[in-house]
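Enquirer:
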Amino acid sequence: MLGKIIGGLIGARAARNTRGVDEPGGALMGVAAVALARRFGLPGMIAAAAGGYALKRYNERRRVTPGSSTYSRSQGRL
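If you count by the working numbering, then the sequence shown holds residues 28 to 105, one letter each, in order.
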């Protein structure tokens, strides 16, 4: 129970800096994160972190590739 309370507080605090999420929503996500962390265990958390990092790298690479339709040269434009 203490873990859920701490997760809720951390989630609410993090929601202040996140666009589109209010404090109660952040608290719910914090509580859910604690519950998922318990169910996944250490190997599952490592796999989830590695998958999230791989997805982030994929999205960054796809967005920045010159010649793709999503490439934009926003520097120098007004």
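Ideal Cβ positions, reconstructed from N, Cα and C, are used throughout, including at glycine.
With 16 other CB atoms within 10 Å as the buried threshold, where does V58 fall?
Expert: For the purposes of this step, residue 58 is taken as residue 31 along the sequence shown, with counting starting at 1. The residue is buried, with at least 16 neighbouring Cβ atoms inside 10 Å.
Enquirer: Under 8 angstroms by Cβ, that's how I've got V48 and A54 pegged, so tell me the actual separation to the nearest angstrom.
Expert: To locate residue 48, count along the sequence shown from 1; it is residue 21. To locate residue 54, count along the sequence shown from 1; it is residue 27. Not confirmed; about 10 angstroms, so no contact.
Enquirer: Measure the C-alpha to C-alpha separation of L29 and G79 and round it to an integer number of angstroms.
Expert: Walking along the sequence shown from the start, residue 29 turns up at place 2. Walking along the sequence shown from the start, residue 79 turns up at place 52. In a straight line, the C-alpha of L29 is about 27 angstroms away from that of G79.
Enquirer: Using DSSP with H/G/I as helix, E/B as strand and the rest coil, what is G71?
Expert: Residue mapping note: residue 71 aligns to position 44 of the sequence shown, counting from 1. The answer is helix: DSSP assigns G71 an H, G or I state.
Enquirer: Helix, strand or coil for R46? Go by DSSP, reduced to three states.
Expert: To locate residue 46, count along the sequence shown from 1; it is residue 19. R46: coil per DSSP, three-state reduction.
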